[in-house]
């Protein structure tokens, strides 16, 4: 290892500090130009910039995301998880102690963001979508106000897409059925074990009869299948999460982010500070 020359230690330290600073804050003092007539945002990362287009068809999520950026809550935020062939998890991690001091944070905390899910928006590689709690505690599919993800995914075969279609249609039927036929054991008179079993059998029979009459609603177009075949993505999330933007530039940056060192929980070993920038 080369030795530091006496008298130049301070200079070397400053250079090292500048290198670290540039790695952590790659987005300072940089100007961006729009490349389309739509709303665009930049995710500036230590590996480079990623440009996204925000969809006009998801106005609630679009406006919410813009306000989050303008509030400063996403300035110098982090990439929380990087899971190759799955997603990059990002957003603001809030803590209660900060809620008291930050008026901007208080405006967003507890806010319910209704789903804006459309069949034409699929989880192709590079899409930007809102995280949410699972169906068990969030059947309405409200989006989390602070957490987002970028799709990585992988190439998909038509066989895989056929399976996703089948599973998605089964889920759609189930959600419709339980809304109109709630499972209510409390309505069973004289709820003995035998009567409860009888109620369950009748309920299951009704479920099967209705399912036979159900017309499948979810199907991929040939164009969407081609995208999954050639670009890749994460089709198993389709129909369950709101997608509100897609990648315009920076596919190589996504590839580069996947190579950073991660721990067993897919957290980057070195903190990955990023900045979301609205191009105006």
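Numbering (our numbering), first residue to last: 82 to 361.
By construction, the Cβ of each residue, glycine as well, lies at the ideal position given by its N, Cα and C atoms.
The structure displayed is predicted, hence computed values, not measured ones.
Might you give, ordered along the chain, the residues of its own chain that have their beta carbon closer than 6 angstroms to the beta carbon of residue i, omitting 5 neighbours on each side?
i           : result
residue 203 : 305 and 319
residue 178 : Residue placement at residue 178 is flagged as unreliable, the pLDDT there being 40, under the threshold of 50; a coordinate-derived value is accordingly withheld.
residue 375 : Only positions 82 to 361 of the chain appear in this structure, which leaves residue 375 out of reach.
residue 324 : 202, 208 and 210
residue 149 : 155
residue 196 : 222 and 323
residue 271 : none
residue 308 : 205
Considering only residues of the same chain and omitting the five flanking positions on each side of residue i, which have a CB-CB separation below 7 angstroms?
i           : result
residue 128 : 334, 337 and 338
residue 312 : 205 and 206
residue 213 : 219, 222, 223, 224, 225 and 322
residue 317 : 245
residue 347 : 162, 163 and 164
residue 236 : 310 and 313
residue 254 : 292 and 295
residue 297 : 250
residue 248 : none
residue 264 : 284
residue 258 : 288 and 291
residue 151 : 359
residue 344 : 350
For residue i, which of helix, strand or coil comes out of DSSP?
i           : result
residue 167 : coil
residue 349 : strand
residue 341 : coil
residue 354 : strand
residue 285 : helix
residue 157 : coil
residue 361 : coil
residue 144 : helix
residue 121 : strand
Taking a contact to mean a Cβ-Cβ separation below 7 angstroms, would you say residue i touches residue j in this structure?
i           : j           : result
residue 121 : residue 115 : yes
residue 355 : residue 126 : yes
residue 133 : residue 328 : yes
residue 280 : residue 269 : yes
residue 233 : residue 301 : no
residue 145 : residue 198 : no
residue 166 : residue 331 : no
Which same chain residues, not among the five before or five after residue i, have their C-beta less than 8 angstroms away from its C-beta?
i           : result
residue 277 : 266 and 269
Touch check for the segment 160–171 and the segment 219–232: three-plus C-beta pairs under 8 angstroms?
-> Judged by Cβ distances under 8 angstroms, the segment 160–171 makes contact with the segment 219–232, as three or more pairs qualify.
Runs of beta strand (DSSP E) wholly within the segment 188–273 (minimum 3 residues, chain order) | Correct list: 208–211 and 228–232.
Enumerate, from N- to C-terminal direction, the unbroken beta strand (DSSP E) stretches of 3 or more residues contained entirely within the segment 294–346.
-> Whole beta strand (DSSP E) segments, 3+ residues: 324–330.
Is the segment 150–157 touching the segment 130–138, taking contact as three or more C-beta pairs under 8 angstroms?
-> The segment 150–157, when compared against the segment 130–138, does not touch it at the 8 angstroms Cβ threshold.
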